[in-house]
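Undergrad:
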DNA sequence: GTTATCTTGCACACTGATGTGCACATTACG
DNA sequence: CGTAATGTGCACATCAGTGTGCAAGATAAC
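Chains as they are written, first to last, in this note's numbering: chain E, 10 to 216; chain X, 10 to 216.
1. Under the rule that 16 or more other beta-carbon atoms within 10 Å means buried, what is residue 53(X), buried or exposed?
2. Near residue 187(X), what residues of its chain come up, given a Cβ to Cβ distance below 7 Å and the 5 sequence neighbours on each side ignored?
3. Does the distance from the CB of residue 48(E) to the CB of residue 29(E) come in under 8 Å?
4. Based on Cα-Cα distance, which residue from 73(X), 201(X), 176(X), 157(X) lies nearest to residue 143(X)?
5. Can you list, in chain order, the residues of its chain whose CB lies under 7 Å from that of residue 38(E), leaving out five sequence neighbours each side?
6. Is there at least one Cβ from chain E nearer than 8 Å to residue 195(X)'s Cβ?
7. Can at least three beta-carbon pairs, one atom from the segment 167–174 of chain E and one from the segment 100–109 of chain E, be found at a separation below 8 Å?
8. Within 10 angstroms of its Cβ, does residue 109(X) collect 16 or more other Cβ (buried), or is it exposed?
9. Check each candidate in 192(E), 181(E), 205(E), 121(E) and name the one with the smallest Cα separation from residue 150(E).
10. Could you check whether residue 120(X) and residue 77(X) sit closer than 8 Å to each other, using their CB atoms as the reference points?
11. Just reading off the alpha helix (DSSP H) that residue 19(E) is part of, what are its end residues?
12. Are at least three pairs of beta-carbons, each pair with one atom in the segment 126–136 of chain E and one in the segment 122–130 of chain X, less than 8 Å apart?
13. For residue 138(X), report the span of its alpha helix (DSSP H) as first-last.
14. Run the CB neighbour count on residue 196(X), radius 10 Å, all protein chains shown included, and call it buried at 16 or more, exposed below.
15. Among 31(E), 55(E), 209(E), 44(E), which has the Cα closest to the Cα of residue 18(E)?
16. Name the two residues that bound the continuous alpha helix (DSSP H) containing residue 205(E).
17. Any chance you could list the alpha helix (DSSP H) runs of at least 4 consecutive residues sitting entirely within the segment 145–206 of chain E, in chain order?
18. Go ahead and pull the three-state DSSP assignment for residue 108(E).
19. Measuring alpha carbon to alpha carbon, tell me which of 87(E), 207(E), 210(E), 75(E) ends up nearest residue 111(E).
20. As a quick exercise: from 79(E), 51(E), 96(E), 35(E), pick the residue whose alpha carbon is nearest that of residue 67(E).
21. Taking a cut of 7 Å between CB atoms, which residues from the segment 163–178 of chain X lie near chain E?
22. Does any residue of chain X bring its CB to less than 8 Å from the CB of residue 203(E)?
23. For a contact defined as C-beta to C-beta under 9 Å, what are the partners of residue 224(X) on chain E?
24. Looking at the C-beta of residue 117(E), does it have a partner C-beta in chain X at a distance below 8 Å?
25. Could I get the ranges of all uninterrupted alpha helix (DSSP H) runs contained in the segment 38–66 of chain X, with 4 residues as the minimum, in chain order?
26. Taking 8 Å as the cut-off, decide whether the C-beta atoms of residue 131(E) and residue 70(E) are in contact.
27. Suppose you measure from the CA of residue 148(E) to the CA of residue 175(E); what does that come to, to the nearest Å?
28. Given residue 90(E), which residues of its chain have a CB within under 7 Å of its CB, disregarding the five upstream and five downstream residues?
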C-alpha cells in the first residue's frame with residue numbers, strides 16, 4: 010500500500026499550467042480554461058486533473074504570487090521612506106511577469122477578496138511607509154496617510170498593468186510616477202534616483 | 010404612406026435604457042442585456058426593439074459620452090497649463106456619472122478602438138497641455154511629452170473609476186493627484202488650488 | 001517488465017447569455 | 001375612435017464555456 014512517488018512530468022505539467030495561466034490571464038483575465046491548457050501544451054481535460062476548478066487554479070496563482078510580493082515588501086528595509094518606496098516599486102517591477110496577473114486579477118470582482126487578503130502584508134508595508142514618509146516630512150501631508158497609501162496602491166497597479174513591461178525605461182517610469190504621487194517634486198525624485206542608481210538598475214552597483 | 014411621429018414613451022424608454030446602461034455598466038462592464046433592461050424597468054425583448062445589438066447599445070453610449078467629454082475639453086481655455094489641467098480634471102469629475110462608464114468601457118478589449126477614436130479630441134487637448142506645460146517650465150521634463158500625456162490619461166482613468174464619486178473631497182483628490190503626476194510638488198498644487206478655489210468648487214465663485 | 005500514474009479525446013449534461021419570431025395586449029397619436 | 005406604434009411574455013435556436021465519466025494509449029517509477 011506504499012504510494013508511489015508522483016511522476017516527474019506530472020509535476021512539470023502542473024507548474025507549466027501555472028506559468029501559462031500567469032501569462033495568459035495577464036492579458037485577458039477571463040481567458041478560458043481551454044486557452045490556458047492549450048497554451049501550456051496540454052489538453053483541457055488534463056488541466057482538470059491538476060486543478061479541481063477554475064477557482065482553484067486562480068486561487069493558487071494568487072497565493073503564490075502574493076507570497077512573492079510580500080517577501081519583497083519585507084526585504085525593503087531602507088530608513089528613508091523615499092528610498093524605501095522607490096526600491097519597493099523597482100523590485101516589484103522586476104517581477105513584472107508575476108505582477109501583471111496580480112494587477113489584472115485584483116480587479117476581478119470574483120477574486121478581489123482573496124487577493125486583498127493575500128496581499129495584506131504588502132499593503133501594511135505601504136501603509137507604514139506612507140505614515141513614516143509623512144512624519145519625517147518627505148511625503149505630502151495634504152492627504153490622510155490612509156488615503157495616500159490607497160492612492161499609491163492604485164496608481165502602482167495601473168502603471169504595472171498598463172505599461173509594456175518590455176519597453177526600455179519602463180521601470181524608471183514606474184518609480185518616478187510613484188514618487189510623484191507620494192508628493193516629491195519631479196526634480197527631487199530625479200535627484201534621489203541619481204544618488205541611488207542601484208535602485209532602478211541593480212547591476213550598476215559595481216559599475 | 011405618411012409615417013407617424015414616434016411615440017413619446019418610446020423616446021423616453023430609449024433614453025431610459027441608455028441611462029440604465031450607463032449606471033449598470035459603470036459597476037459591471039459585462040452586465041447582461043437582461044439586467045440592463047430590467048434596471049430600466051423594461052423587458053429584455055423591448056430593449057432589442059430599440060437597439061439592434063449589445064454592440065449598438067454600447068457604441069451609442071460611448072459616442073454620446075465622448076461628445077460630452079470632448080465638449081468639456083474644448084471649454085477649458087486657461088493660459089496657464091497648470092490651471093487648465095486642474096480645471097479639466099475638475100470639470101470631468103463633475104460629470105462623474107458619465108465618466109465612470111467611459112472609464113470602465115475604455116478597458117474592454119472589444120471597444121478600445123471605438124473609445125479611442127471617439128475620445129481623440131480630448132486626447133489631443135491633453136497632449137497639447139502636456140507640451141505647453143513642459144515648454145513654460147511648469148510641468149516635469151523628465152518624461153517625453155507623449156509619455157506624460159499618456160500617464161495623465163491613465164492615472165485619470167484610474168482615479169475616476171476607482172474612487173467613490175460620492176465621497177466628499179473626491180474631486181479634490183482627483184485634481185491633486187493629476188497635478189502631482191504632471192510634476193508639481195504637492196505644495197505647489199496646494200497653493201494653486203488655494204489661489205483658484207473656483208476650480209474645484211464652482212459655486213464658491215461669489216462666496 | 002510490470003504497474004501505477006498521467007494524458008487524451010470524446011461524449012455528455014448543464015449553465016448563462018444572445019438574438020429572433022410571433023401573437024397578444026396596451027397605448028399614444030391623429 | 002381607429003390605428004399604427006410599442007411593450008411583453010414565451011418559445012426557440014445558438015453559442016461558448018464549465019466540469020465529469022470513461023476507455024484507451026503513453027510513460028515514468030519501481
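Don't be surprised by glycine CBs; every beta carbon is placed ideally from N, CA and C. Note that the coordinates shown come from a computational prediction; the quantities given were computed from them, not determined experimentally.
TA: Taking the definition as stated:
1. exposed
2. 94, 98, 161, 164, 165
3. yes
4. 157(X)
5. 113, 114, 117
6. yes
7. yes
8. buried
9. 192(E)
10. no
11. 17–36
12. no
13. 129–144
14. exposed
15. 55(E)
16. Here residue 205(E) belongs to no alpha helix (DSSP H), and DSSP marks it neither H nor E.
17. 154–170, 179–191, 195–204
18. helix
19. 75(E)
20. 35(E)
21. 163, 164, 167, 171
22. no
23. The shown model of chain X, from 10 to 216, leaves out residue 224(X), and the question about it has no answer.
24. no
25. 42–48, 53–59
26. no
27. 30 Å
28. 138, 141, 142, 145, 147, 148
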